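Student: Structure provided below as structure tokens; questions to follow.
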Amino acid sequence: MNAAGFPLLTLLTFLPLVGAGILLFIRGEEAVVAANARWTALWTSLIVFALSLILWFSFDKSTAEFQFVELHQWMPEFGLSYHLGVDGISVLFVLLATLLTPICILASWESVQSRVREYMIAFLVLETMMIGMFSSMDMLMFYIFFEGVLIPMFLIIGVWGGQRRVYAAYKLFLYTLLGSLLMLLAVLTLWYMAGSTSIPELFKLQIAPSLQVWLFLAFFVSFAVKVPMWPVHTWLPDAHVEAPTAGSVILAGVLLKMGAYGFLRFSLPLLPQATEWFAPFIFTLSIVAVIYTSLVAMAQEDMKKLIAYSSVAHMGIVTLGIFSMNHQGLSGAIFQMLSHGVVAGALFLCVGVVYDRVHSREIARYGGVAKVMPVYGALFMLFTMASVALPGTAGFPGEFLVLVGIWQVNPWIAFFGATGMILGPCYMLWLYRRVLFSKLAKPEIKALLDLSPREYVTFAPLIVLTLWMGIYPSSFLSFFEASVAALLARHEAAMALPRLAGM
């Protein structure tokens with residue numbers, strides 16, 4: 001329990017499941033069921049978001065300790081427990097998940113017309129899995145939620161996706177599931193060594209460097225697929241292209257952060273020597289991801305696929321920052337994860353707005369949209385500028401800090417990583433010009449209507465966050481400053497042990 005004795009994290013985690021259970025009992029005509037399902041899901045997600053704000057306002061930023069902790073013995077004879085808590089890193093990802101879920105439900109209000117109840121149930125179950133994963137302090141619980149995310153996302157893509165939805169859903173499922181099997185072996189190994197799966201207990205382990213290498217590889221395969229890192233990124237463009245708009249928003253906004261969060265939570269603190277040893281390898285893959293996927297993005301004719309490849313490039317910047325192992329790099333990586341969640345989610349919503357009107361994602365089908373949808377054009381410009389890291393927007397502070405951090409490691413790595421800040425504007429501004437300002441491509445463009453009141457409400461929080469994070473980044477950086485400092489101190493202390501032993 002937390003200090004007030006109230007199980008806030010349990011309520012946050014499982015309240016969406018309660019909403020999903022209520023949806024199962026809705027009866028009536030199909031139109032009535034669909035309307036009730038939308039409102040029930042929306043109100044449930046809004047209540048969860050309101051509760052998550054308690055974390056924001058009550059969180060003590062001065063300490064790196066886990067807060068709002070709940071601990072109950074589950075199977076004590078096997079060292080397994082129900083253990084929840086958040087620190088300065090995870091608390092912001094819980095907030096990101098609870099914010100994007102009602103936005104996704106609003107974005108699906110009119111675009112999803114078939115099996116609406118089942119769709120809303122899938123999103124509420126997905127919210128439970130996301131919150132549970134970020135707040136788990138038991139490694140087995142983390143694994144359950146980490147894998148549980150796959151089930152609702154598989155259904156969202158496979159049932160409500162595009163023409164190749166089944167192929168994309170199975171590709172997502174198989175890539176991520178096969179990668180996570182090695183992670184399960186690593187979890188079992190750590191449980192055997194410590195007699196417990198409690199993350200604070202595992203942090204006390206002294207793992208031999210030779211074993212660290214194998215454990216790091218097991219975790220790496222699972223987390224790299226989730227990030228996704230090059231070359232195991234190929235499932236992402238297919239998943240984004242075939243997913244409904246809200247599915248792409250939550251996939252880019254939250255699910256891509258799961259792998260990077262895993263590196264921060266497990267690989268760095270548990271396996272410090274292996275982390276140092278594999279860092280050059282990670283840097284190489286990250287640089288390839290930044291340059292290669294940026295070039296691939298420039299060749300795309302599908303808007304969602306272009307933004308999907310840009311996400312791989314941005315996550316390459318994140319992994320560079322994580323493995324820089326200094327304060328600027330780590331802080332920048334976490335900030336970049338949060339800002340990318342907001343900006344990439346907003347970009348996919350922008351694609352969804354015109355797709356709902358024209359029913360095409362092909363860039364060639366558009367042109368001159370700004371003439372008939374000026375407000376939409378202004379919003380698209382804001383999020384495009386944030387994506388290319390324009391100062392004053394959410395995309396700038398994270399990328400800048402990562403480059404400062406990685407420069408301290410190796411200036412050449414920083415140089416190649418910075419190519420993403422050059423190539424990014426090339427494909428994003430090309431996309432913006434083609435869609436918004438080129439010659440009218442189709443007659444139906446002239447008949448498009450600008451944003452509806454529902455769409456204004458959907459975009460409003462993302463607009464505020466994009467500007468807030470860009471103008472006042474310290475309000476977010478302060479949340480995880482203590483946690484980053486503690487992580488680095490633990491890493492440096494662990495790295496000193498072999499040197500002391502050899503003296």
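Residue numbers (full-length UniProt numbering): 1 to 503. Where is the CB? At the ideal position from N, CA and C, for every residue including glycine. Note that this is a predicted model, so its numbers are computed, not measured.
Can you tell me whether H359 is buried or exposed? The criterion is at least 16 other CB atoms within 10 Å of its CB, across all chains shown.
Tutor: Exposed.
Student: With the cut-off set at 8 Å, would you say A117 and V241 are in Cβ contact?
Tutor: As written in the sequence, residue 117 is Arg, which differs from the Ala given in the question. Cβ distance not < 8 Å, so R117 and V241 don't count as in contact.
Student: Once the 5 residues before and after M337 are set aside, which same chain residues still bring their CB inside 7 Å of it?
Tutor: So the list reads K257, A260 and V318, once near-sequence residues are dropped.
Student: Rank I207, R265 and T101 by C-alpha distance to the C-alpha of L119 and give the top, closest one.
Tutor: The sequence as given places Tyr at residue 119; Leu does not occur at that position. It is T101.
Student: Given a cut-off of 8 Å, decide if T13 and S135 are closer than it, judged by their beta-carbon atoms.
Tutor: Yes, Cβ-Cβ distance for S135 and T13 is below 8 Å.
Student: Is F323 helix, strand or coil when you go by DSSP?
Tutor: F323 falls in the coil class under three-state DSSP.
Student: Counting only the same chain and skipping the five closest in sequence on each side, list residues whose C-beta sits under 6 Å from that of T293.
Tutor: Only Y309, V312 and A313 meet the Cβ criterion.
Student: Could you tell me how far apart the beta carbons of L448 and M373 are, in whole angstroms, since I believe they sit closer than 8 Å?
Tutor: L448 to M373, Cβ: 6 Å. Contact.
Student: What did DSSP end up calling Y82 once you bin it into helix, strand or coil?
Tutor: In the structure shown, Y82 sits in a strand (DSSP, three-state: E or B).
Student: Let me confirm a value: F66 is counted as buried when at least 16 other C-beta atoms fall within 10 Å, else exposed. Which label applies?
Tutor: F66 is buried by the Cβ-count criterion.
Student: Under DSSP, the alpha helix (DSSP H) around H240 begins and ends at which residues?
Tutor: That run of the alpha helix (DSSP H) goes W235 to E242.
Student: In three-state DSSP terms, what is Q67?
Tutor: Residue state, collapsed to three classes: strand.
Student: Is it the case that the stretch 285-305 contacts the stretch 222-235, given that we only count it when at least three CB pairs across the two stretches are under 8 Å?
Tutor: With the cut-off at 8 Å, the stretch 222-235 and the stretch 285-305 touch.
Student: DSSP on S180, reduced to helix/strand/coil?
Tutor: Looking at S180 - three-state DSSP - the assignment turns out to be helix.
Student: So for S478, helix, strand or coil by DSSP?
Tutor: DSSP places S478 in helix when its eight states are reduced to three.
Student: Quick one: what does DSSP say W109 is sitting in, helix, strand or coil?
Tutor: Reduced to three states, the DSSP call for W109 is coil.
Student: Sorted by chain position, which residues of the same chain lie with C-beta nearer than 7 Å to F142's C-beta, five sequence neighbours on each side aside?
Tutor: M133 and S136, listed in sequence order.
Student: Consult DSSP for A460 and reduce its assignment to one of helix, strand or coil.
Tutor: Note: A460 maps to helix in three-state DSSP.
Student: Identify which residue in G420, P209 and P244 has its Cα closest to the Cα of W277.
Tutor: Comparing Cα-Cα distances from W277 to each of G420, P209 and P244, the minimum goes to P209.
Student: Are F173 and F154 close, meaning C-beta to C-beta below 8 Å?
Tutor: Against a cut-off of 8 Å, the Cβ pair of F154 and F173 comes out as a contact.
Student: Under 8 Å by Cβ, that's how I've got A246 and C350 pegged, so tell me the actual separation to the nearest angstrom.
Tutor: With a Cβ gap of about 13 Å, A246 and C350 do not count as contacting.
Student: Below 6 Å CB to CB, which residues in the same chain sit around A3 once its five sequence neighbours on both sides are set aside?
Tutor: Here A3 scores only 48 on pLDDT, less than 50, and its place in the model should not be relied on; the value that follows carries that caveat. Result list for A3: empty, nothing under 6 Å.
Student: Distance, Cα to Cα, I322 vs L264?
Tutor: Roughly 7 Å separates the two Cα atoms.
Student: In this structure, does DSSP put S136 in helix, strand or coil?
Tutor: Strand, per DSSP.
Student: Would you mind sorting W407 into buried or exposed? The rule is 16 or more other CB atoms within 10 Å of its CB.
Tutor: That one is buried.
Student: Which same chain residues end up closer than 7 Å to E201 when comparing Cβ atoms and leaving out the 5 residues on each side of it in sequence?
Tutor: Only A194 meet the Cβ criterion.
Student: Reducing DSSP to helix, strand and coil, say where M75 ends up.
Tutor: In the structure shown, M75 sits in a strand (DSSP, three-state: E or B).
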